[in-house]
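**Student:** Can you keep this structure in mind? I'll have questions shortly.
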Amino acid sequence: MILPILIGLGILVLVIVVVAFMSYTIVDPNEAHIVVTMGSGRKVYSPHVDKDGNKLSTAYFYFSSLMRRTILPLANVKLEIDKFSLKDSLVAPFFCEVVCWFRISEPDIAVEKLDINDGDFDDAVKQTLEAQVMGIARAAAMKQEILEIMNLS
Numbered sequence: 135m136i137l138p139i140l141i142g143l144g145i146l147v148l149v150i151v152v153v154a155f156m157s158y159t160i161v162d163p164n165e166a167h168i169v170v171t172m173g174s175g176r177k178v179y180s181p182h183v184d185k186d187g188n189k190l191s192t193a194y195f196y197f198s199s200l201m202r203r204t205i206l207p208l209a210n211v212k213l214e215i216d217k218f219s220l221k222d223s224l225v226a227p228f229f230c231e232v233v234c235w236f237r238i239s240e241p242d243i244a245v246e247k248l249d250i251n252d253g254d255f256d257d258a259v260k261q262t263l264e265a266q267v268m269g270i271a272r273a274a275a276m277k278q279e280i281l282e283i284m285n286l287s
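Each number in this note's numbering comes from the position in the sequence shown (counting from 1) with 134 added on.
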């Protein structure tokens, strides 16, 4: 009579340990995880830096049925913008292709600025940073003539 209860409890404990082990997530030192939990809001898990300057990773339990997760890369990321139209200071039109590199140094602020709620980091970055880079390129191009711009490259 007591043996089936002990076997059932043993199996239950084993299942709980396996589920806990499988849901335990360690954050890579070059990533930040933004986890949205039902009813609890958003929490950012990113590597901590100790007093010696070493990056320490952090960990959390992730249950995919109750949470959504977005992973932000903290390493350098390449952003390529295809041909877009610019004009120089004399309003002469020309096309430009831009390749830029960026790095997220503060994931908390990046989450707020990029508005990453749907879990798609690539689309949020592409929309936000493309518009900013194109605006900066237009402002820089309008200050010079096309020959000066061509001599810079």
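Using N, Cα and C, we set each Cβ at its ideal position, and we do this for glycine too.
Assuming Val161 and Thr204 form a contact by the criterion Cβ under 8 angstroms, report the distance between their Cβ atoms to the nearest whole angstrom.
**Tutor:** Actually they are not in contact, since the Cβ atoms of Val161 and Thr204 sit about 12 angstroms apart, beyond 8 angstroms.
**Student:** Can you name the residues that DSSP bridges to Leu224?
**Tutor:** Its beta-bridge partners do not exist; DSSP assigns none.
**Student:** What span of residues does the beta strand (DSSP E) with Ile168 cover, start to end?
**Tutor:** Per DSSP, Ile168 belongs to the beta strand (DSSP E) from 165-171.
**Student:** Just grab the DSSP bridge partners of Ile215 for me.
**Tutor:** Answer is Val232.
**Student:** Can you name, in chain order, every residue of its own chain whose Cβ lies under 6 angstroms from the Cβ of Asp242, other than the five neighbours on each side?
**Tutor:** Closer than 6 angstroms at the Cβ level, and outside the excluded window around Asp242, lie Val178.
**Student:** For Leu206, which three-state DSSP category applies?
**Tutor:** Three-state DSSP puts Leu206 in a strand.
**Student:** Compute the distance between the beta-carbons of Gln95 and Ser223, then report whether it is under 8 angstroms.
**Tutor:** Outside the modelled stretch of the chain, which goes from 135 to 287, sits residue 95, for which no answer is possible.
**Student:** With DSSP as the reference, label Gly175 as helix, strand or coil.
**Tutor:** Strand at Gly175.
**Student:** Could you name the residues of the same chain whose beta carbon sits closer than 7 angstroms to that of Asn210, not counting the 5 residues immediately before and after it, in chain order?
**Tutor:** Excluding positions up to five away in sequence, the list reads Trp235, Arg237.
**Student:** Rounded to a whole number of angstroms, what is the C-alpha to C-alpha distance between Val169 and Glu240?
**Tutor:** Between Val169 and Glu240, the C-alpha separation is close to 16 angstroms.
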